[in-house]
Structures are given as C-alpha cells and as structure tokens.
Amino acid sequence: WHEIGVYDLPATLDYIVEKTGNPNMSYIGYSQGTTALFVMASERPEYVDKIKGMVCMAPIAFLSNHRSPLLKCVVPLHIVMK
1 WHEIGVYDLP ATLDYIVEKT GNPNMSYIGY SQGTTALFVM ASERPEYVDK
51 IKGMVCMAPI AFLSNHRSPL LKCVVPLHIV MK
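The structure is reproduced here in structure tokens:
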C-alpha cells in the first residue's frame with residue numbers, strides 16, 4: 001500500500017490531469033484505496049491540492065489520536081453505528 005500511495009496514485013493523478021486538463025478532481029476510495037490516499041497525502045503533499053474532495057468508504061485509519069474538533073464529534077458515532 002505504501003508504493004501505491006507514493007508512486008502509483010500520483011502517477012494516476014498526473015495522467016488524469018494530462019488527459020483532461022483539469023487540475024482538480026474528486027477521489028473515491030474503498031478500503032486500501034483510502035490507505036493509498038492517506039499515504040499520498042502524507043508522503044507527497046504536493047498532490048493534496050489536486051484533490052478537491054474525497055469519499056472514503058471503509059477507511060483503514062485509526063482515528064483515536066487526533067486533534068481535530070470535527071473528528072472528536074464524529075468518531076463517537078462509530079460506536080452508535082455498530
């Protein structure tokens with residue numbers, strides 16, 4: 001998953017920008033696709049500006065140790081949804 005986020009996903013985004021001419025896009029990821037996006041965002045931050053929105057379905061991420069006030073409100077909902 002690391003190589004996908006560092007090499008494959010940025011190459012895919014570059015290809016899309018080259019073919020469409022649109023520098024902004026939305027990203028939809030499922031499971032490992034969300035992990036690849038998080039890796040890309042942390043390892044290749046220059047690509048973050050190309051993603052105007054993202055939808056993460058079944059994300060592979062641990063959300064307990066964060067500082068975001070929004071996430072502090074959302075994470076407890078996971079318990080309710082079980």
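Mapped onto UniProt numbering, the consecutive letters of the sequence shown carry residue numbers 1 to 82.
All residues carry an ideal CB built from backbone N, CA and C; glycine is no exception.
On a predicted model such as this, the values are computed, not experimentally measured, just so you know.
Candidates the options, of which the one nearest residue i by Cα
{"i": "Ile60", "options": "Val48, Asp49, Gln32 and Glu3", "result": "Gln32"}
Contacting residues, own chain, Cβ-Cβ under 6 Å from residue i (five flanking each side not counted)
{"i": "Val80", "result": "For Val80, the predicted structure reports a pLDDT of 47, less than 50, and the residue's modelled location is therefore unreliable. The matter cannot be settled from this model."}
{"i": "Tyr49", "result": "Before going further, note that residue 49 is Asp rather than Tyr in the sequence given. Same-chain partners within the cutoff: there are none."}
{"i": "Gly5", "result": "Ala36, Val39 and Met40"}
{"i": "Cys56", "result": "Gly29 and Thr34"}
{"i": "Pro69", "result": "none"}
Where the alpha helix (DSSP H) through residue i begins and ends
{"i": "Ser26", "result": "Ser26 -> not in any alpha helix (DSSP H); beta strand (DSSP E) instead, spanning Met25 to Tyr30."}
{"i": "Ile16", "result": "Leu9 to Thr20"}
Sequence-distant residues of the same chain with beta carbon closer than 8 Å to residue i, five excluded per side
{"i": "Asp8", "result": "Ala36"}
{"i": "Gly53", "result": "Ser26 and Tyr27"}
{"i": "Thr20", "result": "none"}
{"i": "Ala58", "result": "Tyr30, Ser31 and Thr34"}
Spatial neighbours of residue i in its chain, beta-carbon cut-off 7 Å, leaving aside the 5 residues before and after
{"i": "Ile16", "result": "Met25"}
{"i": "Trp1", "result": "Gln32, Thr35, Ala36 and Val39"}
Beta strand (DSSP E) segment containing residue i, residue limits
{"i": "Lys52", "result": "Ile51 to Met57"}
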